[in-house]
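The structure under discussion appears below in the form of structure tokens.
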Amino acid sequence: MKFTLSWLLEYLETDATLEKIANKLTSIGLEVEEVIDNSHLSSFVIAQITEVLDHPNADRLKICKVNNGRETLQIVCGANNVKAGMKTVLAQVSSILPVSDATITATKIRGVLSNGMLCSADELGLSIQASTGIIELPDSCKIGESFFSCDSVIDVNITPNRGDCLSVYGIARDLVATGIGALKARDVPKVESSVPSPITLQTTDEESFISGRYISSIKNAESPKWLKDRLQAIGLRSVSTVVDITNYVMLSFGKPLHAYDADKINGQLIVQKVNKPREFTGLDGKNYSLADGANIIADDKNIHGIAGIIGAKCSQCLLDTKNIFLESAWFNPISIAKTSRSIGLSTEASYRFERFADPEFVINGLNIATEMILNLCGGSISDVVSAGRSIKHKNAINFDYREVNRLGSVDIPLEEVFNILIKLGFTINRDSNDSWSVCAPSWRSDIQMPTDLVEEVVRIYGYEKIKEEELHICDAQIPGTLQDKLRVLMSSRGLNEVLTWSFMDEKIAEKLGYFNKTFLITNPLNSNLNIMRPSIVPNLLQIAESNIARGIFDLAIFEIGPVYNDDLVLDQQKFVLSGLRSGNNLPRNLYKTDREIDAFDVKADFMSVLHFLDIDCNNITIQECDLQYYHPGKSAIVRFNNRPIGYFGELHPNITDLKQKVMCFEIILSGIEKLPVQSKKYIDYKYQNAKRDFAFLVDKDVAIGSIIDSVKNSNLDLITDVFIFDVYKEINDYPSKMSVAFSVILHSPDHTLTEDEIKKASDIIINAVGKNTGGELRSA
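Taken in order, the sequence shown gives residues 7 to 786; the numbers are from this note's numbering.
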């Protein structure tokens, strides 16, 4: 969304500097991408040619005497339309041409000094086609004035939920809520007439509301300079006064409009859905194929527009148009988005309709544009005709204002909460002491629940005023859902949360071993995002690759989100916690404590979730993973009672081109939530424990996890912990065997273990390992 500073100040009364305004916009969530300084354009001025002489050394060149309002300059020009008395655009010495970036200097052309350049439209970026001559301006233009608007342009990145800020007035309204100035009254004229419109309206789609007015005997012409300057400053080409007015109202108030040549409409315009394939030629001269379901505006002969997207070439409003029909409407955002994507066309109008245009501003927008047309083009108007269902956006929310301080972690006085919401356009009933009834304004369809109101207040009050609070891992201290608690846990383990798309490239999905046509996207944002993601891992890997390419080699990231694969029940989402680690565990340091991340680091992340949720780990088994994007032998699948609940390990080298190893884990949260929780048993360690070491010879294909399980399950009453401290595979006398050494901690809560009890427990362990794994106790 681009607009000039002077345009903003038309609705905002303030003495704030441009820098302060730009900083404030970014701080309230309307990110300023760029502030364009156009002061250099002041060197392009309106000038008049007073005399034209033949060039002595070139037949096609002329020597022009040009008055720039201060002095008369000599300019050499080769345009075929140059003549004495005409007004044109002069690029003075030191000017930089907008298209070529060439700097104008005083130079001799075929032996004659030229102190500037007379400009054509294409040289100034005002036409995409090569011009046949220099710009010829009307006599009303004042010599010496700047040709361009030299006003600074602000470019703001608007998020999809803030369609109300796709207008200069909406931007001003948000700024006023922060305390920067006052909002000037928006003057909506009452334009009335008792003359019936010869063109009537009808809707058959049951979701649109359309209004219009017939305006006859207008004098359409080039727009006045102030209107041209506004549009050209933000990159829009001036077409004619009528068309420029519709664009001006759209950009000022977020209300798309359209003007038809009324003489080319046959009686009635009907908003309807296409029920068979139709061809359509738009204002841009391109042909479009319309599929079933697309909304069109048509009479009984021609299609005159794709509703909310683009008008038709056949009823285009031109300079010689005498009678127009001015349309203002509200269209369903979803329908507009679907049609826009199906034909591959996004316009300024569709961009706004997709993000919810204000349904209660339809008539106001029509009246504002009508008054401007009458003032600039003259003409006579009819009464307003309308059709369809008038949309009333009312959403009363029961709001406890104290939630702002509790959820937002800020200290805002009650009256300030009230004033912020009022300045943003909300209406509030304060009959209750503890709770308010808050109605969102018609332009804020994104406000649906109390937390939305909290967010509104906090962003205006200032995110920088949010108090820092310690994150607690204790379950009782963390409000919210399982996902909220796991986010805190992962953050405490040093992982940073990321958020990625829920879709990906089908080629990558196939590389992972997933492909299901059910999850293909019919109209993807682009060809690389054409299937719902079966796993979050590729998205995390993409972030890792991007960071590593920029010199950030030590990574620890996670995401909680939905995945879509073959075992998913349709119309449901399967949420997964996925994490990625790569590089070293710590930055390089003098204590030599840094090392390369391995599969056991992500195993620890995985198990920390089970321990955090007090999951009964006695029924957990860890087996070799069979997913093709994990490294065989360096990854595992985790099961609870033989049901998969996740995976961890090193990614297969075929999946990534990185030179460093990448470790990942995936936890199926839908499975975790259903697991039985077993509260951790309190152990009184006042009695001494006993530790015994064992070393077994087992076959190399035996999973070490199965040895640990055998030991743990052999004597649950006394064994409190088992951990491996040595694995040795290069045994000359037993080439098919490996040696696994582990320690076992034995403890009784009510007495000190005797030697007999320890020996009995040791024998049970030896027998269990031998029976379950075929392991033999090493004698030496």
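Virtual Cβ for every residue (Gly too), placed ideally from N, Cα, C.
Check	Outcome
Which residue marks the beginning of the beta strand (DSSP E) containing leucine 119, and which one marks its end?	118-120
Which residue's Cα is closest to the Cα of aspartate 269: Val95, Cys445 and His310?	His310
Alanine 774 to arginine 784, Cα distance in whole Å?	15 Å
May I ask which residues mark the beginning and end of the beta strand (DSSP E) holding aspartate 267?	263-267
Using CA coordinates, which residue listed in Ser246, Pro544 and Phe9 is at the minimum distance from asparagine 660?	Pro544
Does DSSP put histidine 658 in a helix, in a strand, or in coil?	coil
Runs of 4 residues minimum, wholly inside the segment 201-254: which ones carry the alpha helix (DSSP H) assignment?	231-239
Could you tell me the boundaries of the alpha helix (DSSP H) in which isoleucine 105 lies?	Checking the displayed sequence, the identity of residue 105 turns out to be valine instead of isoleucine. Taken as a continuous stretch (DSSP letters only), valine 105 belongs to no alpha helix (DSSP H), as it is neither H nor E.
Buried or exposed for valine 733, going by 16 or more other Cβ atoms inside 10 Å?	exposed
Should aspartate 21 go down as buried or exposed, given a rule of 16 or more other Cβ atoms within 10 Å for buried?	exposed
Under 8 Å by Cβ, that's how I've got valine 750 and phenylalanine 702 pegged, so tell me the actual separation to the nearest angstrom.	That pair is no contact at about 12 Å.
Mind checking which residues open and close the alpha helix (DSSP H) that includes proline 456?	456-467
Which same chain residues end up closer than 7 Å to isoleucine 342 when comparing Cβ atoms and leaving out the 5 residues on each side of it in sequence?	Gly314, Ile315, Ser356, Phe359 and Glu360
Roughly how far, in whole angstroms, is the beta-carbon of tyrosine 467 from the beta-carbon of isoleucine 403, given that I think they are within contact range, below 8 Å?	Contact flag wrong, Cβ pair sits at about 19 Å.
Between Leu752, Glu212, Cys631 and Thr247, which lies nearest to alanine 227 when the distance is taken from Cα to Cα?	Thr247
What do you get for proline 62, buried or exposed, if any count of 16 or more other CB atoms within 10 angstroms of its CB means buried?	exposed
With 16 other CB atoms within 10 Å as the buried threshold, where does isoleucine 428 fall?	exposed
Would you call the CB atoms of tryptophan 13 and arginine 236 closer than 8 Å?	yes
Using the rule of at least 16 other Cβ atoms within 10 Å of the residue's Cβ for burial, across every protein chain shown, is lysine 307 buried or exposed?	exposed
With DSSP run on the structure shown, which of helix, strand or coil describes lysine 580?	strand
Enumerate in chain order the residues of its own chain whose CB-to-CB distance from isoleucine 484 is below 7 Å, with the five nearest sequence positions on each side excluded.	Residue placement at isoleucine 484 cannot be trusted, given a pLDDT of 40 that sits under 50; what the coordinates show is reported in the next sentence. The residues are His478, Asp490, Lys491 and Val494.
Report the option in Ile52, Asp756, Thr506 and Val728 whose CA atom is closest to the CA atom of alanine 747.	Val728
Which residues does DSSP list as the beta-bridge partners of aspartate 364?	Aspartate 364 is not bridged to any residue.
Could you tell me whether the Cβ atoms of leucine 119 and valine 88 are closer together than 8 Å?	no
Between the C-alpha atoms of asparagine 411 and tyrosine 653, what's the straight-line distance to the nearest angstrom?	40 Å
Counting pairs of beta carbons, one from the segment 172-181 and one from the segment 259-269, are three or more of them closer than 8 Å?	yes
What residues in its chain sit with their C-beta under 6 Å from that of cysteine 480, if we drop five residues either side in the sequence?	Note that cysteine 480 scores 46 on pLDDT, short of 50, meaning its location in the model is unreliable; the coordinates nonetheless yield the value given after this. Taken in chain order, the list of residues that qualify is empty.
For alanine 363 versus threonine 209, is the C-beta distance shorter than 8 Å?	no
Would you list the one or two residues that DSSP bridges to isoleucine 387?	Ile221
My output table needs one value for arginine 587: the three-state DSSP class, helix, strand or coil.	strand
Could you tell me the alpha carbon to alpha carbon distance between lysine 225 and lysine 328, rounded to whole angstroms?	7 Å
Compare the beta carbon distance of alanine 562 and valine 668 with 8 Å and say whether it is the shorter of the two.	no
Label aspartate 298 either buried or exposed according to how many other C-beta atoms from any shown protein chain fall within 10 Å of its C-beta, with 16 as the threshold for buried.	exposed
Do the segment 593-600 and the segment 614-633 touch if we need at least three Cβ pairs shorter than 8 Å?	no
Can you list, in chain order, the residues of its chain with a C-beta nearer than 8 Å to that of arginine 436? Leave out the 5 residues immediately preceding and following it.	Phe424 and Trp442
Using the beta-carbon count (16 or more within 10 Å), is glutamate 333 buried or exposed?	buried
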